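Undergrad: If you scroll down you'll find the structure; I have some questions about it.
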Amino acid sequence: MAVVEAVENTRYREDCGSAYLTTRVKTLEALKGEFADTVHVTQGVKNGGAPGRYMTEDPDRYAVLEPGRQYVIAVQSGSTTGAAGNEAWVWYAEPAERGLVGEREHWQRAIATPPETAAISECEDIDTPAG
């Protein structure tokens, strides 16, 4: 996890019915894990986007990274070393609205606090017949 500033959207592509946006971000502060000063991150967006008009299915948990704005991001996979040709997959992004110190304090508490309920590996939204 890190607080970042989006610098520029570097690539948009559509592939097999899905769309992806790659953004170069500047690391303001790593909250968990290691992040290079500059990292390229990719996120899923809705098809048919135009520069400055990309959208996601869940903007509250997965904001589109817009250049010039700050965000808290969580990376699911990929590289955060900043090495050329390496990208990280962002699975969570929200605008950083608490300021750098406020975001650090909020997320350090969140990371250190266990969830109120344990995650269950079963799908709870599917009714299964007994027996």
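With positions in the sequence shown counted from 1, the corresponding number in the numbering used here is that position plus 93.
Cβ atoms here follow ideal geometry from the backbone N, Cα and C, with glycine treated the same way.
All values derive from a computational prediction rather than experimental measurement.
Measuring alpha carbon to alpha carbon, tell me which of V168, R162, T149, P207 ends up nearest V183.
TA: Nearest C-alpha to V183: V168.
Undergrad: With three or more beta-carbon pairs closer than 8 Å as the criterion, would you say the segment 189–203 touches the segment 149–158?
TA: Counting Cβ pairs under 8 Å, fewer than three are found: no touch.
Undergrad: If the criterion is Cβ atoms closer than 9 Å, does the pair M94 and A123 meet it?
TA: In contact: M94 and A123 (Cβ atoms closer than 9 Å).
Undergrad: Return helix, strand or coil for E177, following the three-state DSSP convention.
TA: This sequence places Ala at residue 177; Glu is not what is there. Correct three-state label for A177: coil.
Undergrad: Compare the C-alpha of G110 against each of E127, K125, K119, G137 and name the closest.
TA: Checking every option, the nearest Cα to that of G110 belongs to G137.
Undergrad: Among Q163, K119, A156, which residue has its Cα nearest to the Cα of Y185?
TA: The shortest Cα separation from Y185 among Q163, K119, A156 belongs to A156.
Undergrad: For V157, which of helix, strand or coil comes out of DSSP?
TA: Looking at V157 - three-state DSSP - the assignment turns out to be coil, as it is neither helix nor strand.
Undergrad: Going by DSSP in three states, L124 sits in which element: helix, strand or coil?
TA: Coil.
Undergrad: Who are the near neighbours of V194 in its chain, counting only those whose CB is closer than 8 Å to its CB and skipping five residues on each side?
TA: Cβ within range, chain order: n/a, list empty.
Undergrad: If you reduce the DSSP assignment to three classes, tell me which class G110 lands in.
TA: Coil at G110, not helix or strand.
Undergrad: Going by DSSP, what residue range makes up the beta strand (DSSP E) through A248?
TA: As shown, the chain starts at 94 and ends at 224. That puts residue 248 outside it, with no answer to give.
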